[in-house]
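*Asks:* My questions all concern the structure below.
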């Protein structure tokens, strides 16, 4: 640790996230391994750059020759992926540095996280090589996922190539791959994701600073187990949160959690109370788990950057209205009752009896025509207090109608019409429409419903309508928006 | 309301829940309607009794003749389903009573929930007929679902015919069908479900008393918006909770929620604080929404009737261990660290490096062999403090392995072996094994993973291993067990 501090080294993040020539050091020709795994992943996801494979034993992998040493690579490389045994890592890293690599990700574990003297020393050697001029991600990590360049985390051959506004920094590789997959499922798109594991060199502070200025990134998310330098971290957080929303999932806030952190990435945890206070102070959004983080990121990525405090809730089924009202209150959202004249106008177009137009609006049955729902939303938006509208769609009920009609449910459920209408409503009223798509039908006999709901989600999202699975999740996500932008504007 | 109180009428619940001869009053031969809808549902689910259809216009429906009047039905009936217009309901009900029906469910709305004088009077007339000797479910409801007899709620043609221990009483029809579908998806089986809507006659108190003694029912769940007689309700709750777990979802505890309740089932709500205190006092379990209710019911239905305070958590991925620890604490669950000798024995069989054996146990990668996982669980169970084990399975990761092998993921993911091993572990150790099956892969390109996870869930459940989607949900459900049985045993 006697070298110059890494912050004085100029880091070429462009060559790290968008490399044209990369080396994979430590591919095995026999059986599965991290090196051959990442090669397979890069090929499958369609990385367009040149890939050089390295293993002293030589041979070929999927028709690509394996070079005996990094030194044998013709010309310079931008980035390296290192998957050799821990003991061989420092030398491999040094060879990559000499080949001109701006950075390297080290998948190998067996470093500081072991808690052994050998692991600690090996990690120190990695840091020493890094200080000579190559930025290191890891060790004990899954690396970088960057949809634009086609770099992907180790277990991510099938992640999306579509870029989007959300960046993710993670001390956990498992969390990174789970978030990337969850994001793909719910329509969340990423700019850059970095699983940095032990964070021997590049870690939260520098990466945060980079993302703060990164034009591709509009929302920053983090999974943090512990930070190397608390003061620098909170400074970086504060600076970041002034520019864009920062969502933090801090793991290890319980006693047992802190113990688990220790053996996972050898970080120091910190008390629940202190973290909460610090995150609040820098106007970061704190979430408790991966689903909540995904949903918050979705809301920040898709909704306008402002708080929404008074909302309307529309849905098929009175209990849903009741549930909406109950769930909204803890998040500081109110569902103001409409004035009687407006109620009458809404009632006039809803099916009777059974419906209720007071806000929440109960549209009484799941098969109300999309055109009618559009009119109801347009009317509800006339209440000047309403800032955002939530529509709880019971599309799964079309399964019964489809069965009676002898048609596939995906052809019967009117999600295309709904998406077009809701988009128009949002545009004409200037008030976002949020859709909740609960699906109680998801067993083996309802895989067709699962597919239809996935199609509906994609269609709504393509029309700029954000979709959540459960009402409670939508309200919580909007609550996060209010906390972040509410603090800002006050 | 001047007739004798209904409690002095002997109610033949057997003939209501298991009718042999039923009438559907108000079938329409033209287009969809509640009457023809329920006929279709009963046929589809395979109700084995005789069904008589009634409509003054006569005709046939699906080859079944429609009788002009209830009086034309040959012989007595056990039960009636009434779907005529509100104004025609009292007379239809009276005719059913004269035909000897023990009960009737009234789908029609247009009664007290309208808030009009006409609606109130019509509901009073229904009550008057009921007092003469026919028990009424509804009006403004979806009726009864009883898998054993094949009676089903209106929108439930495809509900399960498998009976199980969970009963549900609901003021909301939508909640009933959603819970029935959710239950089918997650492997929860029902004894009886009653959507009683306005509850003009039979409602929470009498039904609770019936279920308390019902041998088919082991767990009682309720969705309540408001009760007719608070003191009687809490007496019935107390008596029920002494015999079996009672799980209550009280809707309308917020201001806006109470307003929504008023227009939904015309019930009076009640304050959040009072309900919480009352439910605690009678040792009922309070939940906040349908997912939480489903998960709590699953835990009570499948886990032994006792608290579980100290648990082990095993999973693939260190962050999952961290997350487990963090999530356990708020529910009063502890994850005690194993003693060093046990840690060493577990470490000896886990893949190295990357794993961690302290509890939470991080098995380091998602592809550890089922036999090894069995051994780890057997070892962990040796810690005498551990009362229950949670295994977080990352089966969705087998998608990548399946792709490389060119096989369907459902053939590659080893859920059958895992289920058999976990069942053996639970049997040999006497400590339940709970499985969490998170699935971040659920978009259109991962429908095969969704199917595999559904197959895995069914297989685990068939081996007596209870499955939850998310760790947080499993912990919360176990927390409910602890609250209920903890109070009981203290």
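Protein chains in written order, with the UniProt record's numbering: chain X, 1 to 490; chain L, 1 to 490.
Beta carbons: idealized from backbone N, C-alpha and C, even for Gly.
1) In the DSSP output, what is residue 483(L) paired with across the bridge?
2) State yes or no: is the beta carbon of residue 340(X) nearer than 8 Å to at least one beta carbon in chain L?
3) For residue 153(L) and chain X, any beta-carbon pair shorter than 8 Å?
4) Given this structure, state the Cα-to-Cα distance separating residue 369(X) from residue 395(X), to the nearest angstrom.
5) Near residue 410(L), what residues of its chain come up, given a Cβ to Cβ distance below 8 Å and the 5 sequence neighbours on each side ignored?
6) Hey, residue 191(X) and residue 153(X): beta-carbon distance below 8 Å or not?
7) Quick one: which chain L residues come within Cβ less than 8 Å of residue 454(X)?
8) Take the Cβ of residue 78(X) as the centre, count every other Cβ of all protein chains shown within 10 Å, and call the residue buried at 16 or more, exposed below.
9) From residue 424(L) to residue 141(L), what distance separates their C-alpha atoms?
10) Quick one: what's got a C-beta closer than 6 Å to residue 155(X)'s C-beta in the same chain, skipping five residues either side?
11) Can you name the start and end residues of the alpha helix (DSSP H) that residue 143(X) belongs to?
12) Near residue 34(L), what residues of its chain come up, given a Cβ to Cβ distance below 8 Å and the 5 sequence neighbours on each side ignored?
13) In chain order, which beta strand (DSSP E) runs of at least 3 residues are fully inside the stretch 138 to 180 of chain L?
14) Along the beta strand (DSSP E) that carries residue 315(L), what are the first and last residues, could you check?
15) I'd like to know whether the C-beta atoms of residue 212(X) and residue 247(X) end up nearer to each other than 8 Å.
16) Output the distance between the C-alpha atoms of residue 63(L) and residue 319(X), rounded to the nearest integer angstrom.
17) In or out: residue 485(X) buried (at least 16 other Cβ within 10 Å) or exposed?
18) Residues of chain L with a CB under 9 Å from the CB of residue 60(X): which are they?
19) Can you list, in chain order, the residues of its chain whose CB lies under 6 Å from that of residue 367(L), leaving out five sequence neighbours each side?
20) Using a threshold of 8 Å, state whether the C-beta atoms of residue 471(X) and residue 327(X) are closer than that.
21) For residue 504(L) versus residue 474(L), is the C-beta spacing smaller than 8 Å?
22) Contact between the stretch 359 to 366 of chain X and the stretch 289 to 296 of chain X: three or more CB pairs below 8 Å?
23) Tell me whether the beta-carbon of residue 130(X) lies closer than 8 Å to the beta-carbon of residue 80(X).
24) To which residues of the same chain is residue 29(X) closer than 8 Å at the C-beta, ignoring the five residues directly before and after it?
25) In terms of residue numbering, what span does the beta strand (DSSP E) encompassing residue 195(L) cover?
26) For chain X, find out if any of its Cβ atoms is closer than 8 Å to the Cβ of residue 195(L); answer yes or no.
27) Where residue 243(L) and residue 234(L) are concerned, what is the direct C-alpha to C-alpha distance, given to the nearest angstrom?
28) Going by the CB atoms, is the gap between residue 89(L) and residue 302(L) shorter than 8 Å?
29) Anyone know if the C-beta pair for residue 103(L) and residue 70(L) falls short of 8 Å?
30) What does residue 450(L) touch in chain X if you count any residue whose Cβ is under 9 Å from its own?
31) Suppose contacts are defined by Cβ-Cβ distances below 8 Å. Is residue 252(L) in contact with residue 225(L) by that definition?
32) Just verifying my parser: in three-state terms, what is the DSSP assignment at residue 466(X)?
33) How is residue 44(X) classed by DSSP in three states: helix, strand or coil?
34) Considering only residues of the same chain and omitting the five flanking positions on each side of residue 398(L), which have a CB-CB separation below 6 Å?
35) To the nearest angstrom, how far is the alpha carbon of residue 41(X) from that of residue 169(X)?
36) Under the DSSP definition of a beta bridge, which residues are partnered with residue 362(L)?
*Replies:* From the atom records:
1) Beta-bridge pairing links residue 483(L) to no other residue.
2) no
3) no
4) 12 Å
5) 448, 451, 452 and 455
6) no
7) 442, 443, 444 and 447
8) buried
9) 44 Å
10) 177
11) Looking at the DSSP string, residue 143(X) is not in any alpha helix (DSSP H); the run it does join, the beta strand (DSSP E), is 143 to 145.
12) 26, 83, 107, 108 and 154
13) 143 to 145 and 163 to 170
14) 311 to 315
15) no
16) 37 Å
17) buried
18) Within chain L, no residue comes near residue 60(X); the closest Cβ sits about 18 Å away, beyond 9 Å.
19) none
20) yes
21) Nothing in the structure corresponds to residue 504(L), since chain L is present only between 1 and 490.
22) no
23) no
24) 36, 55, 57, 59, 60, 61 and 66
25) 190 to 195
26) no
27) 14 Å
28) no
29) no
30) 442, 447, 450, 451 and 454
31) yes
32) coil
33) helix
34) 409, 412 and 413
35) 20 Å
36) 315(L) and 356(L)
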